[in-house]
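Here the structure comes first, spelled out in structure tokens, and everything after it is commentary.
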Amino acid sequence: MIFITGASGLVGCALIMELYQQGVRKIRVLINRNNNVQTLLEEYPMPDLEVDYVFANLVDKESLIRVMSGVTEVYHLAALISIIPGIYPKLYETNVVGVENLISAASIVGVKKIVHLSSVEAIGYKKGEVVLNESAGFRPDSAFIEYGKTKAIGAIKALELARQQNISLVILAPAGIIGPYDYAPSRLGQFIWDSSRRKLPAYIDGSFDFVDSRDVASLAYQAMKRAPAYEVYICSGTHATLEHIINIVTHQSHTKKPPKIARPLARILAFFFEVIYKLGGPQPLLTSGSLRITHAHITYDSSKAKQELRWNIRPLDQTILETLSWFQEQASKNEIKKHD
């Protein structure tokens, strides 16, 4: 039995599509109150796919043991993702304690292999480095934001615990993920959708590595089937500026491009956004941590995944256009539902 945590998320939905295309016809999915898996299956019917929906809490090991009975393969995609400072305990609970509990539960029920989704934010970084690969390792102390720190700690503990429990574990570290089936939506998905509707007031001067969610799902499947135990694979597609994404989106949607904020002003705005949030205001659109990420201009090398697992990636521009098209289709469907 295949078990997926975080199945309702962007990569989770893409993974379900990938598994189905690979011939899988029975899965068990851990869901929360937002069952996007059911929405996915309604929009993209897979009539012979048997889905077992289960509820459990990652911080409650006993609940995981109950829902993982009979499971042999686990795709652990669930995580708490945030650029907001000051929520380290919450991040740690999900991204570290949750991983430890999952592996402990897996050892009890007899799981054979786990593919764990980490992040390039967990990869070690030294000032001045512009290209990073798996040899940099996981370094909590070099993370730009609290999320990255907890993902690094979680990855380190996952490898240690998996070895102790003699469970085959493979870790994937994806870059910024973009793609269709983004029902939540993700922060990057919202960025693309807002850019197409003139809902984005401005954007910052920065860049990052991006990867298609469907390509991450494809690599996860290959890692489960072919990757040796305790290996780590960076999964990154293309390095691009935020302006490049906006140019494609606004051109395709025939909308006006928002203004670009200069770095000095961006730093000031990030400071005030964080202060307002700490005083009980809304979640910040921009933080000092997110600025550090996009201004570091780091490229992540995925050569290992391409060579060892024969991983292929889509062109970034194709991903952006197909993601935008998916959001437009969703908006059209919702508009039709309103008039039914």
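Numbering-wise (the UniProt record's numbering), the sequence shown opens with residue 1 and increments by one.
Using N, Cα and C, we set each Cβ at its ideal position, and we do this for glycine too.
In this text the structure is predicted, and so the values were computed from the model without any measurement.
| Check | Outcome |
| --- | --- |
| Residues that residue 125 bridges to, as DSSP identifies them | Its beta-bridge partners do not exist; DSSP assigns none. |
| Closest by C-alpha distance to residue 218, when choosing among 9, 3, 167 and 16 | 16 |
| Residue 337 in three-state terms, based on DSSP | Any reading at residue 337 must be qualified, since the residue scores a pLDDT of 44, below 50, and its modelled position is unreliable; the value itself is stated next. Here residue 337 sits in helix by DSSP. |
| Where residue 262 falls: helix, strand or coil (DSSP) | coil |
| Between the CA atoms of residue 214 and residue 322 - distance to the nearest angstrom | 11 Å |
| DSSP beta-bridge partners of residue 176 | 210 |
| Simplified DSSP assignment, three categories, for residue 271 | helix |
| Through-space distance from residue 141 to residue 336, alpha-carbon basis | Any answer about residue 336 is weak, because its pLDDT of 42 lies below 50 and its placement is not dependable; what the coordinates show is given next. Rounded to whole angstroms, residue 336 to residue 141 spans 50 Å at the Cα level. |
| Unbroken alpha helix (DSSP H) run spanning residue 292, endpoints | 288 to 295 |
| Straight-line Cα distance separating residue 167 from residue 325 | 41 Å |
| Whole-angstrom C-beta distance between residue 316 and residue 189, which should lie under 8 Å | Their Cβ separation, rounded to whole angstroms, is 15 Å, which puts residue 189 and residue 316 out of contact at 8 Å. |
| Local conformation of residue 26 per DSSP, three classes | strand |
| Residue 320 - DSSP class collapsed to helix/strand/coil | helix |
| DSSP state of residue 241 mapped onto helix, strand, coil | strand |
| Span of the alpha helix (DSSP H), counted from its first residue to its last, around residue 153 | 146 to 165 |
| Collapsed DSSP secondary structure at residue 135 in the structure displayed | helix |
| Residue 3 - DSSP class collapsed to helix/strand/coil | strand |
| Helix, strand or coil at residue 52 [DSSP, three-state] | strand |
| Environment of residue 114 [buried if 16+ CB atoms lie within 10 Å] | buried |
| Beta-carbon gap between residue 54 and residue 71 smaller than 7 Å | no |
| Sub-7 Å separation of residue 122 and residue 151 beta-carbons | yes |
| Rounded separation between residue 129 and residue 207 - CA only | 15 Å |
| Closest by C-alpha distance to residue 73, when choosing among 65, 143 and 111 | 111 |
| Residue 10 beta carbon less than 7 Å from that of residue 118 | no |
| Residue from 158, 233 and 147 whose Cα sits closest to the Cα of residue 105 | 158 |
| Counted within 10 angstroms of its Cβ, other Cβ atoms place residue 149 as buried (16 or more) or exposed | buried |
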